[in-house]
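So in the numbering used here, spot 245 of the sequence shown is number 249, and the numbers just go up one at a time. A short worksheet on the structure shown next.
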Amino acid sequence: MGDVAQTAVTLSEAGADPVRHLTPQCGVCVVHADEFAHGHVPRLRRENYRWGVLIATWNVNSLKARLPRVQAWLEDVQPDVLLMQETKMTDKAFPALTFTEMGYESAHFGQGQWNGVAVLSKVGLSNPRANFVVGEPDAEARIITADCGGITVVSVYVPNGRALDHEHYQYKLRWLDQLAQHVAAIATPSGDLVVAGDYNIAPHDIDVWDAKALEGSTHVSAPERQRLEALATWGLRDIVREQHPEPGIYSWWDYRNGSFHRGWGMRIDLALVTTSIANRTTWSAIDRNARKGEQPSDHAPVLIEVSQ
């Protein structure tokens, strides 16, 4: 499904010179714990960042509907790498040339009105791989891998699960098992690897607004969390939680019932990284400002900056 090699558009193919990444000479973006938790985060702009490669992940919840917002966010924040989930479009419909004009190479793995994952990069994009590299290919477009600036990145959109007694929940668990096999096949724990995206799992009770209210639901069940623990045992670290141990940090809020303004959220969008990346992560954040305004995604971008 979705030959990613055909959907990866490079600047040279578009008639432009390859991008040469220039690290900005600027100060440090300091995000205090209390500001981070309650959303009083200064607007993220590239001129506030320290040197390094800025990697972001964002479930955009329909790139067609959200393209103007994504473009504006890219212009403001200027991440070097953006991993997207739920593009909800075919490879043919993916606006690769739009991103090329913004300086990004891109690779997309889509299937139409559901799912869809992508990688954008200003630091080079090579060896794009759609789907799992081991086992049977998944019938849905939920994972894409690429090498960007010497770092292997994986954009993942883990199945929702729907309900504990639903077949989709068993599919979710099988998918997570296959993700662990995929990770072990493409990298070693000592390498430079970022596996980021919408995991549809809150790792711990601190990652939801009300653990009691969610008992017996997907996203917080023991088997799901055990799959995350298996990734941690292999060597992936939840760098955002390491850097921000305080409660009240969420990346997703339901559109209904004023959940965003009430703080009824979940931290289900994760950046899992190997130790070599974790040790070089100078800062991390969840950009709640991107969840505000008209027609936002119900997810906020998660960012990490990795020193070179």
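Positions of the beta carbon are idealized from the N, C-alpha and C atoms, including for glycine. Quick caveat, the model's predicted, so the values are computed rather than measured.
- Judged by their CB atoms, R284 and V310 are nearer to each other than the 8 Å cut-off.
- In this structure V138 is in contact with H186, their Cβ atoms being roughly 6 Å apart against a cut-off of 8 Å.
- The Cβ neighbour count for A215, taken over all protein chains shown within 10 Å, is under 16; the residue is labelled exposed.
- Annotation for V74: V64 and L67 place their beta carbon closer than 7 Å to its own, counting only its chain and skipping 5 residues before and after.
- For E219, the secondary structure class from DSSP, reduced to helix, strand or coil, is coil.
- Taking the Cα of T104 as reference, the smallest distance to any Cα among A189, V127 and A289 is reached at V127.
- The C-alpha of G220 is placed about 36 Å away from the C-alpha of W77.
- With a cutoff of 8 Å on beta-carbon distance, E90 and Y161 are scored as near each other.
- If only uninterrupted alpha helix (DSSP H) runs of at least 4 residues are considered, those enclosed by the segment 63 to 136 are 67 to 81 and 100 to 105.
- Taking C-beta atoms under 8 Å as the contact rule, V158 and V85 fail to qualify, at a distance of about 11 Å.
- Judged by DSSP in its simplified three-state form, S159 adopts strand.
- Check the Cα spacing between V81 and each of K96, T61 and T192: the tightest is with T61.
- For S288, the enclosing beta strand (DSSP E) begins and ends at T285 to I290.
- Cβ contact annotation for W257 (same chain, cutoff 7 Å, sequence separation greater than five): S263, F264, W268, G269, R295 and D302, in chain order.
- For L276, the enclosing beta strand (DSSP E) stretches over residues D273 to V277.
- In the DSSP assignment, L240 falls outside any alpha helix (DSSP H), carrying neither H nor E.
- The C-alpha of T286 is placed about 19 Å away from the C-alpha of G239.
- Taken through DSSP and simplified to helix, strand or coil, D169 comes out as coil.
- Going by C-alpha positions, T94 is about 30 Å away from R231.
- Per the coordinates, the alpha-carbon of L87 lies some 15 Å from the alpha-carbon of S288.
- At least 8 Å separates the beta-carbon of A97 from that of N119.
- By the neighbour-count criterion, in which a residue is buried when 16 or more other Cβ atoms sit within 10 angstroms of its Cβ, H208 is exposed.
- Around the Cβ of L197, a 10 Å sphere holds 16 or more other Cβ atoms; the residue is buried.
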